[in-house]
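Using full-length UniProt numbering, the first residue of the sequence shown is number 1, and each one after it goes up by one.
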Amino acid sequence: MMTFIGINMRKITLAFGAVCLLFTLNSAVVARASTPQPLSTGTNVAKLAEQAPIHWVSVAQIENSLLGRQPIAVGFDIDDTVLFSSPGFWRGQKTFSPGSDAYLKNPEFWQKMNNGWDDFSMPKEVARQLIAMHVKRGDSIYFVTGRSQTKTETVSKTLQDDFLIPAANMNPVIFAGDKPGQNTKTQWLQEKNIKVFYGDSDNDIGAAREVGARGIRILRASNSSYKPLPMAGAQGEEVIVNSDY
Numbered sequence: 001m002m003t004f005i006g007i008n009m010r011k012i013t014l015a016f017g018a019v020c021l022l023f024t025l026n027s028a029v030v031a032r033a034s035t036p037q038p039l040s041t042g043t044n045v046a047k048l049a050e051q052a053p054i055h056w057v058s059v060a061q062i063e064n065s066l067l068g069r070q071p072i073a074v075g076f077d078i079d080d081t082v083l084f085s086s087p088g089f090w091r092g093q094k095t096f097s098p099g100s101d102a103y104l105k106n107p108e109f110w111q112k113m114n115n116g117w118d119d120f121s122m123p124k125e126v127a128r129q130l131i132a133m134h135v136k137r138g139d140s141i142y143f144v145t146g147r148s149q150t151k152t153e154t155v156s157k158t159l160q161d162d163f164l165i166p167a168a169n170m171n172p173v174i175f176a177g178d179k180p181g182q183n184t185k186t187q188w189l190q191e192k193n194i195k196v197f198y199g200d201s202d203n204d205i206g207a208a209r210e211v212g213a214r215g216i217r218i219l220r221a222s223n224s225s226y227k228p229l230p231m232a233g234a235q236g237e238e239v240i241v242n243s244d245y
C-alpha cells in the first residue's frame, strides 16, 4: 500500500513539474512577443558624418563668384525653383484629370494656371535672396518655364510683385512649353545670352550646359506634387544649400 502511494506521489510531482515548466516557457514566449521592437537601429558619429559628394554652394558664395563682373543676363525656371506652385497643379489634376497627368495637356488648365492660380503659389526664400542679389548687381532677369503658353498670362506680374523686381531688370516670362524628346529651354537660353540659369530639374541643368551657361541647382521641396524628386548634384553641378524652401 505504501509503495502504491509513493508511486502515485512521484507521478503527481512529475506532472506538476511539467505543468510548471510549460507555464514558464509560455510566459517567456508571451513576454518576448509583447516586448516592443526598436523603431531604429540607431546611429553613430561615422554615419552622421557621411556626406554625398555634392558641390554645395550658398547664395553668398555665388554672389562672391560674380564680383568684378559686368551685369549679365540670368535665368530662372519657375515651378519648384522660385515658386512652390504645387497647390495650383494639385487643383488642376483634381479638376481636370483626377488620378492622372492628362491635365498637363489640357489648354483650359494652363489658362487657369497662368492667369491667377499662382496666387496660391508660395515664393521660395532662396529665390528672394537670389533675385535680390542679381537686382543689386544690375543683372537682367529672365524666367524660362516649361509651362504651355496661353493667350493671356499674369505670371510675369505675379513674379515681379512677389520678388520686388524693378521694371529695368524684369523681362516677360518665356513659356517654352514641353515637347517630347526636346529640351525646349535651350534655344531661349541661347537667344537671350543667359550666363547663369537656376532650376530644380535635370533638364534645367542640361539646358544651361548645352549653351555653355552656368547651371545651378535649386532643391525641389519634398512635398512637391512633381515626383519623383530629382537627384540633385548627380551631374556635378552646384547645388544651393537650404534651397528647398
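We put the CB at the ideal spot given by N, CA and C, even for glycine.
In its chain, beyond the 5 residues on either side, D77 have a beta carbon closer than 6 Å to the beta carbon of D204. Exposure of Q51 is indicated by the presence of fewer than 16 other C-beta atoms within 10 angstroms of its C-beta.
Taking the CA atoms as reference points, N169 sits about 31 Å from S222. Judged by DSSP in its simplified three-state form, K179 adopts strand.
Spatial neighbours of D80 in its own chain (CB-CB distance under 7 Å, excluding positions within 5 residues in sequence) are listed in chain order as D200, R220, A221, S224, Y226. For T145, the enclosing beta strand (DSSP E) has its first and last residue at 140-145.
Residue pairing from DSSP leaves L159 without any beta-bridge partner.
Assignment of L83 by DSSP, reduced to helix, strand and coil, places it in the strand class. If you compare the alpha carbons of T158, L164, N193 with that of S121, the shortest gap goes to T158. Contact annotation, Q190 with V173: C-beta distance approximately 18 Å; criterion of less than 8 Å not satisfied.
Residue pairing by DSSP places V241 opposite no residue, since no beta bridge is assigned to it. Restricting attention to M231, F84, G215, the CA atom closest to the CA of V126 is found in F84. No Cβ-Cβ contact shorter than 8 Å links F175 with P123.
Residue pairing for H55: DSSP places it in a beta bridge opposite E238.
Under DSSP, V196 forms a beta bridge with V74, R214. Around the Cβ of P230, a 10 Å sphere holds 16 or more other Cβ atoms; the residue is buried. With fewer than 16 other Cβ atoms from the protein chains shown falling within 10 Å of its own Cβ, G138 counts as exposed. With contact defined as three or more Cβ pairs closer than 8 Å, the region 138-155 and the region 67-75 are in contact.
Cβ neighbours of S58 within its own chain (closer than 8 Å, five residues either side excluded): I240, V241.
Put simply, of A60, P228, F109, W188 the residue whose alpha carbon is nearest the alpha carbon of K151 is F109.
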